[in-house]
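Position in the sequence shown (from 1) plus 4 gives the number in the working numbering.
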Amino acid sequence: MSHDLQVPHLTPSTTVSNQPASGPAKRLRGDVQGLRAVAILTVLAAHAGVSWFAGGFVGVDVFFVISGFLITQQLVGELGRTGRISLRRFYARRARRILPAATLTLAVTVVAAVALLGPAQVATLATDAVWASAFAANIRMAIAGTDYFQAELPPSPVQHFWSLAVEEQFYLVWPLVALVCIVLAARIGRARGGERTAEQGSVRARRFLLAAIALITVASLVWSIVHTPAEATAAYFSSLTRAWELGIGAALAILVTSGRVMQRLAAVPIAREVLALGGLAAIVVACLAYDESTPFPGYHAALPVLGSAAVILAGALPSGETTIGARLLSVAPMRAIGDWSFSLYLWHWPLLVLPEIVLQRELTWPERGLAVAGAFVLAYVSFRLVEAPFREGALWRPTRRALTFYPVSIALVAAIAFGGTVYADFEATRGSFQPAITLADAPAADPSLDKQEALVRASVLAAREDTAVPTELRPALTELDSLKPSRTRCDYTDDTERDLCVDGDPDGERTMVVFGNSHALHWVPTLNRVAKEHGFRAYFLVKNRCVSASITTDRGSDEHDPYTECDDFNRWAFKQYKRLDPDLTVVSTAPPIKGVFDEDGDWVGERDRIDELMHPAYTDFLRRVDKHTRRTVLIRDIQGFDTNAGTCLSRPGATLGDCLMGAVESRERSIDVQVRAAEEVGVDVADMSSYFCWDGSCPAVVGDTITHYDGTHMSRQYAPQLTEPLARELGIGGRG
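Given below as structure tokens:
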């Protein structure tokens, strides 16, 4: 997070309007510096995995309040001294404060990724870094977080820049609003014959500012409360749902310049202690009570936000820094950590995330401790050698020179990102040419196998011999995002409207209907080709996370909320299905991700119990489907792995043997529940397992094609290669 460190210490008798034009002598408020320390320490604890401090992410909200307060206090102070606000000076101060350290962190993170990670991760991180440099990381992370397939990937090493983006987006708008308020106040004053004193004009302007920020704050809070439950990921990163938190700080900055308001508060001696200690207690309670399952921000954010505001307000009262809370916050170590808080925030996340991506596992406690210690070292160095010199040095004091930081920062990060991607691509193809695996590498021909099955066996044998990764993969290691399963013509991710779209052969004489979730979606390229080649109109009634079974599942998150949208979709889909009179119905579904709800409405998360409940749920669904079609086929769900194939292949020095995987046993048991249900109903089962694995081994590459997008989804490139085999399994194609 970013905030200007020097704060005027205001008292009820000292308003911004009667300060001299040169400005008052500024000194650091110890309690605000300490509050910064509280914010960064709670974030560090949460990100380092301290379980009893899981709600430490609210430290970001504390930062938002501090930032809104200090930045607005600067604006109001300038208004009181000069009667105007200079946008150029405002953005120059922001540039000196945040850009040098932020640019350095982005550049070092990209370079470290080039050295430590594979081409796939470098390409993605490079894109993330450019978005971050343009103060749009929150938009980038919201898109990734709401994309079902991207949401399963590891977090970006620059994901934490989302909060900096929220602040800067707020400060792109708020000074402009302030300027409009000042102009309106001046015009109204002139229309009424002018103000008798400069103080009266300043008071009118502050009232306009307070009204404007109150309107923004209320609107943002309402938006946050409404959208957080329905769109949790998007709401978490959104400026619209977070603006009210900065608005609280901004409103507080305006209020503390009012001598009348401050005198009334000061008249209650106990107020200082209650505000300071109560505010700190509110932050601590949020850290202890909240966790990943807490819908956030929404109304839950009010606890740390109002707590932070109370602490700041207590310190602004007469003798506010003599309270117990202020003294606790103002001790030397807390003030020092507060000084380094911005750099600490910038460095801690990549130091925690990059090693986990490299090691493909969670860090141990000693490793996390080492990462946090490293963050403190880098923060101190960054503060002393980068933050302070650029913010306070005379060389960068001229406004025009400081404003050049913006284009220079984006250009520098973009150049490093582009160079890193090019270098990673070069490294991926450097060395002797490695051909793709062919049938010539297969064992003696087995007449029962088709060519694709034989190629799978050849690929397993090549991996067991630690053969190098083929040079010309499909897709290239820098293009792994293209592995993502295709969308259907009708995308049912959004529940606001539903259409019935025809794929396959629109003029076909027969009808195929496909039910399922994302594990039906990854068969779309295959089934579309089958439908076109054999004259089927195809309707894909598929929805991510929506299991094809007569049971209510959860949303696949830690919140354990029923996925009622899936129940609604299944009812709608079945109504459409009965009208289509299909010749062939295909069901392909993954088991529930987390848990289901039993007949009493109780959530069940234990895997054996889930399997027990899923058997009758699958059976009932298949029976209902089979009544309205000439033939039903269940595609046995494909094997799932603990390792991400693309990520494994892109690791420096990886061979095919390093990425030879085995199916997860617990998942296989859950898949077998589907098969038993189909057999009980008399529904045919298309088992495509031999096209992914052989002899207990599953290669990440078959021939020259990566088979999986992630641990459980087939790649868009591999799916078309199974057109003929799947057609035969569906009973509509001969052996080719």
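Note that CB positions come from ideal geometry on N, CA and C, so glycine has one too.
Residue of the options minimising C-alpha distance to residue i
i: LEU588; options: ARG491, MET516, ASP602; result: MET516
i: PHE625; options: ILE642, VAL590, LEU487, ALA649; result: VAL590
i: ILE102; options: GLU396, GLU569, GLN456, GLU391; result: GLU391
i: LEU168; options: ARG211, ILE220, ARG98; result: ARG98
i: PRO703; options: LEU389, GLY122, ASP714, LEU660; result: LEU660
i: THR128; options: GLU672, THR651, GLU669, ARG680; result: THR651
i: ILE675; options: ARG655, THR711, LEU638; result: LEU638
i: LYS742; options: GLY72, ARG549, SER463; result: Limits of the chain in this structure are 5 at one end and 740 at the other, which puts residue 742 out of reach.
i: VAL184; options: ALA215, TRP607, THR109; result: ALA215
i: ILE420; options: GLY72, SER71, GLY38, VAL112; result: VAL112
i: PRO620; options: ALA462, ARG635, VAL677; result: VAL677
i: PRO299; options: PRO159, VAL62, HIS352, SER90; result: VAL62
i: ILE287; options: ALA236, ALA58, ASP585; result: ALA58
i: GLY735; options: PRO308, ARG634, CYS663, SER694; result: ARG634
Within 8 Å, strictly: CB atoms of residue i and residue j
i: ALA254; j: TRP178; result: yes
i: VAL162; j: ALA141; result: yes
i: VAL114; j: ALA130; result: yes
i: LEU79; j: PHE68; result: no
i: PRO301; j: ARG211; result: no
i: ARG575; j: GLY539; result: no
i: GLY424; j: VAL134; result: no
i: HIS51; j: HIS304; result: no
i: ILE186; j: ILE75; result: no
i: PRO656; j: GLY122; result: yes
i: GLY319; j: ARG33; result: yes
i: LEU281; j: GLY342; result: no
i: ALA146; j: PHE241; result: yes
i: ASP495; j: LEU465; result: no
Residue i classed as buried or exposed, judged by whether at least 16 other C-beta atoms fall within 10 angstroms
i: ILE274; result: exposed
i: SER297; result: exposed
i: ALA257; result: buried
i: GLU4; result: Here the chain covers residues 5 to 740 and nothing more, so residue 4 does not appear.
i: PRO510; result: exposed
i: ALA234; result: exposed
i: ARG194; result: exposed
i: LYS30; result: Only weak support exists for where LYS30 lies, its pLDDT of 49 falling under 50; the coordinates are left without a value.
i: GLU733; result: buried
i: LYS547; result: buried
i: THR727; result: buried
i: SER26; result: Any reading at SER26 must be qualified, since the residue scores a pLDDT of 32, below 50, and its modelled position is unreliable; no value is offered.
i: PHE73; result: buried
i: LEU225; result: buried
i: TRP166; result: buried
i: VAL385; result: exposed
beta-carbon residue i near the ligand GDP non-hydrogen atom, thresh 7 Å
i: VAL689; result: Judged by which ligands are present, the structure shown has none, so any question about the ligand GDP falls away.
Which of helix, strand or coil DSSP assigns to residue i
i: ILE736; result: coil
i: GLY520; result: strand
i: THR556; result: strand
i: PHE540; result: strand
i: TYR722; result: coil
i: THR647; result: coil
i: TRP248; result: helix
i: ALA731; result: helix
i: ASP688; result: strand
i: PRO4; result: Summary: the structure shown does not reach residue 4, with the chain confined to residues 5 through 740, and so no result is reported for it.
i: PRO566; result: strand
i: SER26; result: Bear in mind that the predicted position of SER26 carries a pLDDT of just 32, short of 50, making it too unreliable to give a figure here.
i: THR633; result: coil
i: ASP65; result: helix
i: ARG514; result: strand
i: CYS702; result: strand
i: ARG461; result: helix
i: SER592; result: strand
Short CB-CB distance (under 8 Å) between residue i and chain D
i: THR633; result: Judged by its chain identifiers, the structure shown contains no chain D, having just a single protein chain.
Determine contact between the region 342–349 and the region 305–319, defined as no fewer than three beta-carbon pairs at a distance below 8 Å. Result no; under three Cβ-Cβ pairs closer than 8 Å.
Is it a yes or a no for the region 525–533 touching the region 555–575, going by three-plus beta-carbon pairs under 8 Å? Verdict: no, contact absent.
Three-pair Cβ contact test at 8 Å for the region 453–470 versus the region 704–720: Three or more Cβ pairs drawn from the region 453–470 and the region 704–720 lie within less than 8 Å of each other, which places the two stretches in contact.
Between the region 626–641 and the region 680–690, do three or more beta carbon pairs fall short of 8 Å? Yes, the region 626–641 touches the region 680–690.
Can you find at least 3 beta carbon pairs, one from the region 468–485 and one from the region 414–434, that sit closer than 8 Å? Flag = yes, the region 468–485 and the region 414–434 touch.
For the region 360–378 against the region 408–418, do three or more pairs of beta-carbon atoms, one drawn from each stretch, fall closer than 8 Å, so that the two count as touching? Taking 8 Å as the limit for Cβ pairs, the verdict is that the region 408–418 does not touch the region 360–378.
For the pair the region 638–647 and the region 663–676, tell me if three or more CB-CB distances fall below 8 Å. With three or more CB-CB distances shorter than 8 Å, the region 638–647 counts as touching the region 663–676.
The region 318–338 touching the region 360–372, judged by at least three CB pairs closer than 8 Å: The region 318–338, when compared against the region 360–372, does not touch it at the 8 Å Cβ threshold.
I'd like to know if the region 33–41 and the region 328–343 are in contact, where contact means that at least 3 CB-CB pairs between them fall below 8 Å. Yes, they touch.
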